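**Q**
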Amino acid sequence: MSAAIDVRNLTYRYPDGVEALSAIEFAVQPRECVGLIGPNGAGKSTLLQHLNGLLPEDLNGDANLKIMGQPINRATLPEIRRQVGLLFQDPNDQLFCPTVFEDVAFGPRQLGLSESEVRLRVEESLKQIGLPGFENRLPHHLSLGERRRVCLAGLLACKPSILVLDEPTSGLDPGGKRELKSLLRQLDATIIIATHDLELVVELCSRALLLNHGRIVAQGPTVELLSNESLMLSNGLERPHILLHQHPHH
Ligand code: ADP
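Heads up, the sequence shown is in the numbering used here, so the first residue is 1 and it goes up one at a time.
1) Alpha carbon to alpha carbon, what distance is there between Leu111 and Asn235?
2) Please list, following the chain, all residues that have a C-beta closer than 6 Å to any non-hydrogen atom of the ligand ADP.
3) Per DSSP, what kind of secondary structure is Phe88 in: helix, strand or coil?
4) Let me know the secondary structure DSSP gives Gln219 once reduced to three states.
5) Buried or exposed: which applies to Lys127, given that a residue is buried once 16 or more other Cβ atoms fall within 10 Å of its Cβ?
6) Roughly how many angstroms separate the alpha carbons of Leu95 and Pro139, rounded to a whole number?
7) Grab the span of the alpha helix (DSSP H) containing Leu65 for me, first residue to last.
8) Helix, strand or coil for Glu199 per DSSP?
9) Taking the runs of the beta strand (DSSP E) that are 3 residues or longer, which of them lie wholly in the segment 74 to 137?
10) Apply the 10 Å Cβ neighbour rule to Ile193 and answer buried if 16 or more other Cβ atoms are within range, or exposed otherwise.
11) Counting pairs of Cβ atoms below 8 Å between the segment 85 to 102 and the segment 134 to 148, do you hit three or more?
12) In its own chain, which residues sit with a C-beta less than 6 Å from the C-beta of Gln70, not counting the 5 before and 5 after it?
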């Protein structure tokens, strides 16, 4: 079986010349949940945007990146966008409709589903993320945490097989975080999460990738990686409190 995500020797330079990713290599297997950690500016968002073809700007298909065995190019992009749901770091970049209903319905409509199926999916996904009945609310009147959840509902409504989440817990209160974790645990999807919330990584991700200066500095089982205090400190992070009384297994 193909890896869900397979990245080989991926290098990316922004048009202004900043090399944001250098020789990145990793794979994520179907249904794995992997954490992507690293300090600000490490390249996490840039990497995630490659996973559904938002970057590079010209998709003149090198095969450095495969999703479910398929290289991303103009021909495969529509199918890859169906498979991969990307949650943006800033919900304001993702929400652009006058009502929550329209926003959550946008993706399912793009899939060409019937209007009754669209309504059903919107209702179900709003329930799933803990905002039942929010259809007629105005996205710009919601709290940041609520907006983030509406974005997630929009992804779930498309039933993607791969979820790519950029800082999904930021702006959520403790109850909201708990609900998000239990929701993510129930999903039957491959998940990659870029986050500073190391407890989230410990609780949800079996494996983690540590990115710094556009390179993968380390990857391995979450507890082992995050317990490595010198590695964490030298990369602008710290060992999460949740691990203070645990030791890595050798
Ligand atoms: P992270 O998500 O880990 O904080 P980013 O992927 O946002 O890191 O940024 C990686 C590097 O690329 C940083 O040096 C950042 O300044 C640079 N960068 C991000 N977006 C752009 C852009 N649109 N144009 C030029 N440089 C960018």
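Backbone N, C-alpha and C define an ideal beta-carbon position, used for all residues, glycine too. Note that this is a predicted model, so its numbers are computed, not measured.
**A** Taking the definition as stated:
1) Rounded to whole angstroms, the gap between the alpha carbons of Asn235 and Leu111 is 41 Å.
2) Qualifying residues, in the order they occur: Tyr14, Asp16, Val18, Ala20, Gly38, Asn40, Gly41, Ala42, Gly43, Lys44, Ser45, Thr46.
3) coil
4) strand
5) exposed
6) 7 Å
7) Element bounds for Leu65: not the alpha helix (DSSP H) but the beta strand (DSSP E), 65 to 67.
8) Three-state DSSP puts Glu199 in a helix.
9) 84 to 87
10) buried
11) yes
12) Thr76
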